[in-house]
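Asks: Here it is, the structure, as structure tokens.
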Amino acid sequence: MAEETDISGDTPEPPGGAVATEEESEQTPELAAGDPGEAGLALVHHAPEHTHPSPAKYVGIAIFLAIITALEVALYYITMPEWLVVVLLLILATMKFALVAGFFMHLKFDSPMLRRVFITGIILAGVVYSVALFTLRVLI
Amino acid sequence: MQAAIGHAPHTPAPGDHDYAVTGIDSRKLGMWGFLASECLFFGALISSHLLYRSRAPEGVHIPHDVYDIPYTSVSSFVLLMSSLTMVLALAAIQRNDHRRLRIWLLATAFLGTVFIGGQVYEFTVFTHEGLNLSSSVAASSFFVLTGFHGVHVTVGILWLLSLVGVSLRGKLPAEKHLQVEIAGLYWHFVDVVWILIFTVVYLVPNTH
């Protein structure tokens, strides 16, 4: 990670560093070759529109997700009331879902409109199928 | 190590080909709309399985009888870790680090392939146990649900490999990071769907 390019908002903007257009960058040999070079750095040395977590934080979240998964599997083998197992499993699954959607899919950092679009789908699906499963006595 | 990673910025202005009045790139908004609709799609399949998961002729196994939880747990872990490699791929292109972008994309595709291989093996074992699409409604709803999920993962793998190819040809510069981000959204969604399937289908006790 030591050689990674710094693109945090602390980095000063290069002189005249407007963002290159797609057309310009496609004509830039350094970029085409995958070499950052000066032109490439100019593309990314700007204050970010949104701040995303660092790779270290992503790894931390993944470790936490793995621990939650291990807990879920442990619950499968532990003897306890069925309703309690179901409740705990659903809580843990919801936590994993929220962590992946919030951090890996960046819903926590992106536009609220994207959150609303996705949550609308989740709520719609949750309500429609919960009603169906309650009606058919699958739940309860 | 940096405290935070930022987007390679590009704020479209009126007249730009990617300008949108919402301020959000239409491709990204469209992908989120698609994922919202996929919630209903997979919700229908999961609900169907919950409804039918105990319905089988007498003497015929239901899927719950033959689950191998330790094996499926490892598969789930593999898919979960592929979400990590996917988000690291996005972070790499946002740093203009194309070598790491390709490494993480290939790692994600590899982990996805391991997951699919595991699913094929699981289906093979279940078939030997007498379960198939037509052996019972329970088996049918199980194979349709997990099969459709597997198809989604396969599409994701092909998508990732195509991105690697585009990157190798030098056609994926840093300001086109949105292409990786949108593929990542799809991949993470496939992961969260499996989080639900693993919990609701495999781990929740079936006492009916």
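Protein sequences, first through last, are from chains A and B. Numbering-wise (my numbering), the first sequence opens with residue 1 and increments by one. Numbering-wise (my numbering), the second sequence opens with residue 141 and increments by one. Glycine included, C-beta positions come from ideal geometry on N, C-alpha and C.
Identify, in the order they occur along the chain, each residue of the same chain with its Cβ nearer than 8 Å to the Cβ of residue 346(B), setting aside the five sequence neighbours on each side.
Replies: Correct list, in chain order: 193, 194, 202, 204.
Asks: If you drop the 5 nearest sequence neighbours on each side, which residues of the same chain put their C-beta closer than 6 Å to that of residue 225(B)?
Replies: Excluding sequence neighbours, residue 225(B) sits near 244, 247, 248.
Asks: Between residue 182(B) and residue 329(B), what straight-line distance do the alpha-carbon atoms span, to the nearest angstrom?
Replies: Residue 182(B) and residue 329(B): Cα-Cα distance of roughly 11 Å.
Asks: What does residue 173(B) touch in chain A if you count any residue whose Cβ is under 7 Å from its own?
Replies: By Cβ distance, chain A contributes 117.
Asks: Would you call residue 40(A) buried or exposed, if buried means 16 or more other Cβ atoms sit within 10 Å of its Cβ?
Replies: With a pLDDT of only 43 at residue 40(A), under 50, the local geometry of the prediction cannot be trusted, and no value is derived from it.
Asks: Is the beta carbon of residue 285(B) sitting closer than 8 Å to the one on residue 186(B)?
Replies: Yes.
Asks: Determine whether the Cβ of residue 67(A) lies closer than 8 Å to any Cβ atom of chain B.
Replies: So, not an interface residue.
Asks: Please check if any C-beta of chain B sits within less than 8 Å of the C-beta of residue 97(A).
Replies: By this cut-off, residue 97(A) is an interface position.
Asks: Start and end of the alpha helix (DSSP H) containing residue 203(B)?
Replies: Segment 203-206, the alpha helix (DSSP H) holding residue 203(B).
Asks: For residue 82(A), count the other beta carbons within 10 Å of its own beta carbon; 16 or more makes it buried, fewer makes it exposed. Which is it?
Replies: Label assigned to residue 82(A): exposed.
Asks: Measure the CB-CB distance between residue 51(A) and residue 109(A) and report whether it falls below 8 Å.
Replies: Cβ distance < 8 Å, so residue 51(A) and residue 109(A) count as in contact.
Asks: Report the neighbours of residue 80(A) on chain B: residues whose CB is nearer than 8 Å to its CB, in chain order.
Replies: Going along chain B, no residue has its Cβ under 8 Å from residue 80(A), so there is no contact; the nearest lies around 11 Å.
Asks: State buried or exposed for residue 74(A), treating a residue as buried only when at least 16 other CB atoms are found within 10 Å of its CB.
Replies: Flag for residue 74(A) reads exposed.
Asks: Under 8 Å, Cβ to Cβ, is there at least one residue of chain B near residue 88(A)?
Replies: With 8 Å as the cut-off, residue 88(A) does not count as an interface residue toward chain B.
Asks: When you compare the CB of residue 91(A) with every CB in chain B, is at least one pair closer than 8 Å?
Replies: False, the Cβ-Cβ gap to chain B never drops below 8 Å.
Asks: Looking at the unbroken alpha helix (DSSP H) that takes in residue 210(B), where does it start and where does it end?
Replies: Residues 209-234.
Asks: What did DSSP end up calling residue 106(A) once you bin it into helix, strand or coil?
Replies: Here residue 106(A) sits in coil by DSSP.
Asks: Which of helix, strand or coil does DSSP assign to residue 286(B)?
Replies: If DSSP states are grouped into helix, strand and coil, residue 286(B) belongs with the helices.
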